[in-house]
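Sequence lines, in order, name chains A and B.
Quick note, the first sequence lines up with residues 1 to 476 if you use my numbering.
Quick note, the second sequence lines up with residues 1001 to 1883 if you use my numbering.
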Amino acid sequence: MKVKVISRSTDEFTRDRSQDLQKVFRNYDPKLRTQERAVEYTRALTAAKLEKIFARPFVGALDGHIDAVSCMAKNPNHLKGMFSGSMDGDIRLWDLSMRRTICQFPGHQGAVRGLTVSTDGEILVSCGTDCSVRLWNVPDYRSKNLSESSGNALEPMAVYVWKHPLWGVDHQWDRTLFATVGAQVDIWDHNRSEPVNTFKWGNDTVISVRFNPGHPDLLVTSSSDRGIILYDLRVSSPARKLILKTRTNSISWNPMEPMNFTAANEDTNCYSYDVRKLSEAKCVHADHVSAVMDIDYSPTGREFVTGSYDRTIRIFNYNGDHSREVYHTKRMQRSLFASVVVCCFWFTVIADEFSVPCRVFCVKYSCDGTYVISGSDDTNLRLWKAKASEQLGVLLPRERKKQEYMDAVKERYKHLPEVKRIIRHRHLPKPIYKAATLRRTMVEAERKKDQRRRAHSAPGSMPVQPFRKRRIIKEE
Amino acid sequence: MAKVEKKKKRQRPILSNSIALASKRKMKGKKIKKVASDVRRRKFGPHLPSSFMKEMGIQKPSPNSSDLTGGEEEEEGEDLYEYEEAIPEEETGKNRRYDAVENYEYELPEEFEDEDVPSDENDDVSVDDGDDAGVDEEEEGEDAGEKHVRMLQSITGLPAEAFEGKGKKNVTLLDVHGDMGPQHVSIYDFLDPLHGKSGYSKLRKRVHQLEREPMAVSAPLPKVEREKLEREVTYAQSKKEITKWEPLVKRNREAPTLLFNEDLDLAVPTVGAIAAEHRPRTEFEKKMAVLLGDPEVLEAHTKDGAKLLELNKISVKDVLDRHNHLAKMRSLFFRHEMKSKHIKKIKSKTYHRILKRGRQKGASAEINMDPEAANELARKQEFKRAEERMTLKHKNSSKWAKRIIKRGLKAQDEGTRAAIAEQLQQHALLTRKMNSMIENSSSDETSDDDSDDFSPGSDREGVSKLLNKAKEKTIKVMEEEEDMPKSGVLSLPFMERSVKRQREAAREEALLALQEYEASLGKHDEKGDEKVPSTAQTSGKRVFGGAKSQPKELSRKPKSPYNSDSESDFEARDGEEEQKIEDRSQQAKIGSLLLPDEALAAQNKICEDLDDIAKIPASKTTYEVAIFASDTWRKIGSENSQDNVKIEPSAAESPVHPNSDNMVHDGNSDSDSETEMVDGFISSVPKSEYELPSQSELIRRAFAADDVEAEFEKDKMDTLNAENHEPEKPALLPGWGQWTHIQQKKGIPSSMIEKHEDEIKKREEALKRRKDANLKNIIISEKIDRKAEKLHAKSLPFPYTSKEVYEQSIRMPIGPDYNPAISIGALNRPAIVKRAGVIVKPIVYEEIDPCSKLDEPKESKKIRQKQNRKKAKVDGRKFAVKS
């Protein structure tokens, strides 16, 4: 005979610490809880709403420059370090956690157009319109005495004056080469005063350059003749040129997928390409309403951030045709900025009212993929969270689990109309909203016109070209 | 002349061979022989080749310049001397002293190539094997070579190719050049010193090649073209290079979760590191630190242990005391141990028994003395009893016991039987203990008393005594009824209620019985000679009390199939001795004992039934069965009672066989339901023929009252009306359009009527279009639920290709309420797991096997768990890759 009695093992019911929660034992029989989908749907809805409520992406602004920020560089070896160069030749090193300048690198006579840091974080390379390339030793962050006053006077490690103004610079990953661009592409070594290699293809100015982080011998440049050129350093020859209908302002390689890069184009879109198949874009990322000025991939390779001339920052998925997130602040939208006092050594300029359009010129994704930094026309750097509603700081395991569950549920029910509506909804500043509407109208009109033309022409005379190919003029 | 020609032809081949070798260089694929023979035909006799003539002419101008013929002979390299010597006598065949050798027929193979002409004369210098000497470059060398070949040929009679291998060997040019003099310095002068060194042959070969075919360098391509080509190559190369990443990227894309910096060590400090940083804070810690940090101690530690002993101050006396104490304890322990060993060794059973008894006695004495010990013992006993009840360990339920019983007890040996018996005994003991615990519930005691009191020949006094006793008991029971059990199953509300009800009934019965007792007592007093009390009205117990005089076989008779429940109840009354004999009935008894009132009620009921039998003749048959079932009872009744006249007739009828009973059974189905007691029995009796009505008939009968179909039709009409409204009839507002009789005559305006008709038509069409228009028995609602619409995706989400897959993907819940804690992590893991504040490095190349889907052991488990969930997602990614 079997006697049923309640038996509990002490192990299961004893807590390790008195603060621990009592274990709850559940019967997971699905018959007992029949409303699970309804419950989870409601949770998804709640999660979506909460996400909206907690979406506070703006962390802070870093001001100090006295002219527009033209370029930035992140220190690949130090999370807090961020370099920025401005149009007046000022280079600053920022401590992102403190949101203040650690030190300045004076020396450039004209605008600084390019900044880059070697992979070990030791050497900063800057170049500008004053035709000079400067190499700087990056000061040690840990040294306490490095305050603004003492660290001000930093001398460059080397200065190379070159033949033409320079528009951009990028450092090779894990090696000693870096490339500058201007009238031509020059490959430099840290230890040499002359470039080790020079490429020239076409006569137009090259405006941006980017090394492939995964495959360090490949680099890609964009030039003002609307071309994107691919170089291979092992063969020391250009490999391929792609000519689009509009200029590409900036390019970023996907750090996790060495064959893919994304180009930020003047025509408000970004185009992702596979190096092996340049005849068509893999994906067209559209949402900006003005030229995209800069682009940077997240180190995870799943997202990238773009800064645009339309005064917004957007975050895209690597394969998403529309942005996941759009960031802007009121201050960024204000066209008139009252009373900015600019103090210099011997004179004081009081500009009563002068316009600061706040075009975003450069964006960077932080090395841990948690923050986004933008530099804009209004002399400010802005620090944003990459996930607008993410809770920063240390999370307890339970909090983390809860958050994961909320995200998972949201992800699961994101296609249902109500959840979708809440997740997708973004508030936009009026001018941008209007511009977007206008743009939509224009695109629609164009499409209609094309349709009608096609309808009235001989069948087959107007072959349909996918949008991914439409912007490409030729590949050579 | 012809003969001569022929001879020449014959001898010519030797020459022609060598010619051929030379001339073939210029004209490959032509048939040399033919040309050669042509030449011969024109000329007579041996002659010098024109080139040689020329050469000789340069050296010493000769008149035979007219011999110049075809270009093919120009390069025949033979000097005069050789030429003359080249025709041996036997070959000319002038005197016909020799047999004709038929080697003139020889033809060179078509694909013959004379790149490697044998041209060696110094066999001893055979270092350069691969060297095909430049026969045609240098005439001298060629001459020598030719000469040698010819010599060989003339000796062996073989064609020149046979000497190819040798010819390959080498040519040394040193002596040749030595002849020429130092005025012309050629490349060979530089080459010669290198002779014999490694790589010499290669160099030489290249020089030859260069000299032999002076290539015209084509004009370079235009720079643009060249660069274009270069770029093409570069692009192809880099494309190929970058493709190596593909499997890696593919794997990352397909993985449901990308983990970044998972294996990162965030430098958790070690114990040593923590200890090094420790600073004493509390008093105790400080004291410890002072002691530990004492320089003397430290010094002692560093040197050796001797100093430590000095520091450790203990008096000699203390040590000695401690030592003595320990020794004493040890010896005591030892003695005790020895003693117990000795006792254990004693084999005498008697001794042990005595010992045990003594121990028990001591224990019992202790119990008597000590209430706590008694309590303890009682608890122990109780526990044992409970255990027995739960496990039934001693009820022969063990495997061993079952097996033995199966094999038959008789087959076992003495010991086994004894063991079984002992077990049973133990069980009985344990359970009896339990019984004794509730002995105040009367029945047992009563029966005991009964058995004690009753002697076989009980007289009148005995009867009256019995009656008195019964009366007493009844009263007692009635008094006791009030206290209900406060715990256990009986305390449950419904049990309580039922018990109460039973008690009510029992109480009434008891009262009745009491009256009876009174009456019978009175009667008994009246007519002292009438011995037997009226059994018809007495309780069952009373009856059995009387039945005690019956032999035991009677009471144990019910091994017959008529052994119904009620009977076992009766038997239970019988007494202690029966208990031991029959286990089953005892169990039943225990059951009845547990609910004594119930048993009482049951008894009373039986009596009542018997009364009924007497009263209602209609239900006679059924009760006959009942009586038949408990035939012991009937016998007792018939034997014992004189007053029991009322029953007598039915008892008298009973001799009818049970089979015949069935016949009577038919009509009284109503009375059947009342007699629960005999239900079991009746059901076992085969029933008479009864035809079941058909299913439809049954249904029709069941729903005879309500018209389901009409109801359904009405329902359907209602739904139809609700979903497509019936248009309202056109009507004017009261007073409207009734001003004049003309207006009244006109009635409702035609437009309104038209409109109404239109609406009706529309409605009909709508009804026709409905899905359930032609389905009579079905209502398909076409109402759209606006609220439910919100819970459906408007279109199939992108990665999914079918509705089913999508629905499947969101079917299982993922929350912690629905899944165990172990699987939640895997179910809810985000697509990217990274840590804030840790730098993520770009991808690093690693070799992965493209065939194996997931080669990461760390991830594979998680991934497998998630695979179903993320399948569609992966597909989507694939799409993205393609697009």
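Every residue, glycine too, gets a C-beta built ideally from N, C-alpha and C.
query                                                                                                                                                                                     : result
Using a Cβ-Cβ distance cut-off of 8 Å, determine whether residue 50/A contacts chain B.                                                                                                   : no
Does the region 284-296 of chain A come close enough to the region 250-263 of chain A to have 3 or more Cβ pairs within less than 8 Å?                                                    : yes
Within 10 Å of its beta-carbon, does residue 1234/B have 16 or more other beta-carbons around it, so buried, or fewer, so exposed?                                                        : buried
Assuming residue 51/A and residue 242/A make a contact with CB atoms under 8 Å, what is their CB distance in whole Å?                                                                     : Actually they do not touch by this definition, with Cβ atoms about 39 Å apart.
Does chain A have any CB closer than 8 Å to the CB of residue 1751/B?                                                                                                                     : no
Can we say the region 112-120 of chain A touches the region 153-173 of chain A, given the rule of at least three CB pairs closer than 8 Å?                                                : yes
Distance check for residue 473/A and residue 461/A, CA to CA, integer angstroms please.                                                                                                   : 19 Å
Please list, in chain order, the chain A residues whose beta carbon lies closer than 7 Å to that of residue 1260/B.                                                                       : 300
Run through the DSSP bridge pairs and tell me what residue 35/A is partnered with.                                                                                                        : According to DSSP, residue 35/A bridges with nothing at all.
Please determine, among 175/A, 412/A, 397/A, the residue with the shortest C-alpha to C-alpha distance to residue 1809/B.                                                                 : 412/A
Count the C-beta pairs between the region 230-247 of chain A and the region 85-102 of chain A that are closer than 8 Å, then say yes if the count reaches three, no if not.               : no
Just checking: is the beta-carbon of residue 60/A within a distance shorter than 8 Å of some beta-carbon in chain B?                                                                      : no
Once the 5 residues before and after residue 469/A are set aside, which same chain residues still bring their CB inside 6 Å of it?                                                        : 280
Figure out for me which residue from 198/A, 137/A, 135/A, 268/A has the closest Cα to the Cα of residue 439/A.                                                                            : 268/A
Assess contact between the region 375-394 of chain A and the region 65-85 of chain A, defined as three or more Cβ pairs (one per stretch) separated by less than 8 Å. Is contact present? : yes
If we count Cβ pairs, one from each stretch, closer than 8 Å, do we get three or more for the region 79-93 of chain A versus the region 37-51 of chain A?                                 : no
Using a Cβ cut-off of 7 Å, pull out every chain B residue sitting near residue 237/A, in sequence order please.                                                                           : 1230, 1231, 1234
DSSP on residue 20/A, reduced to helix/strand/coil?                                                                                                                                       : coil
How long is the line joining the alpha carbons of residue 285/A and residue 158/A, rounded to whole angstroms?                                                                            : 40 Å
The region 160-191 of chain A: which residues have C-beta closer than 7 Å to a C-beta of chain B, in chain order?                                                                         : 173
Assuming contact is defined by CB atoms lying nearer than 8 Å, are residue 482/A and residue 386/A in contact in what I supplied?                                                         : The shown model of chain A, from 1 to 476, leaves out residue 482/A, and the question about it has no answer.
Three or more C-beta pairs under 8 Å: does that hold for the region 209-224 of chain A against the region 239-253 of chain A?                                                             : yes
For residue 84/A, count neighbouring C-beta atoms within 10 Å of its own C-beta (all shown protein chains included) and say buried if the count is 16 or more, exposed if not.            : buried
Is it buried or exposed for residue 1579/B, if we count other Cβ within 10 angstroms and need 16 for buried?                                                                              : Note that residue 1579/B has pLDDT 43, beneath the 50 cutoff, so the model's placement of it is unreliable and the number below is only indicative. Residue 1579/B is buried by the Cβ-count criterion.
Residues in its own chain within less than 7 Å of residue 239/A by CB, not counting five upstream and five downstream?                                                                    : 230, 231, 232
Along the alpha helix (DSSP H) that carries residue 465/A, what are the first and last residues, could you check?                                                                         : Looking at the DSSP string, residue 465/A is not in any alpha helix (DSSP H), and its letter there is neither H nor E.
With residue 188/A and residue 156/A assumed to form a contact (beta carbons below 8 Å), what rounded beta-carbon distance in angstroms separates them?                                   : 14 Å between Cβ atoms; not a contact.
Tell me the DSSP secondary structure of residue 1241/B in three-state form.                                                                                                               : helix
Can a CB atom of chain A be found closer than 8 Å to the CB of residue 1243/B?                                                                                                            : yes
Go ahead and label residue 60/A buried or exposed: buried means 16 or more other beta carbons lie within 10 angstroms of its beta carbon, across all protein chains shown.                : exposed
Could you check where the alpha helix (DSSP H) with residue 1307/B kicks off and where it finishes?                                                                                       : 1306-1311
Check whether the region 415-427 of chain A touches the region 1786-1802 of chain B, counting contact only when three or more Cβ pairs, one atom from each stretch, lie closer than 8 Å.  : yes
Would you call the CB atoms of residue 128/A and residue 75/A closer than 8 Å?                                                                                                            : no
Grouping DSSP H, G and I as helix and E and B as strand, with all else coil, what is residue 458/A?                                                                                       : coil
Which full runs of the beta strand (DSSP E) of 3+ residues lie inside the region 88-123 of chain A, going along the chain?                                                                : 91-95, 100-104, 112-117
Can you tell me the Cβ-Cβ gap for residue 318/A and residue 1828/B, rounded? I've got them flagged as a contact below 8 Å.                                                                : Not quite, the Cβ-Cβ distance comes to about 23 Å (not below 8 Å), so this is no contact.
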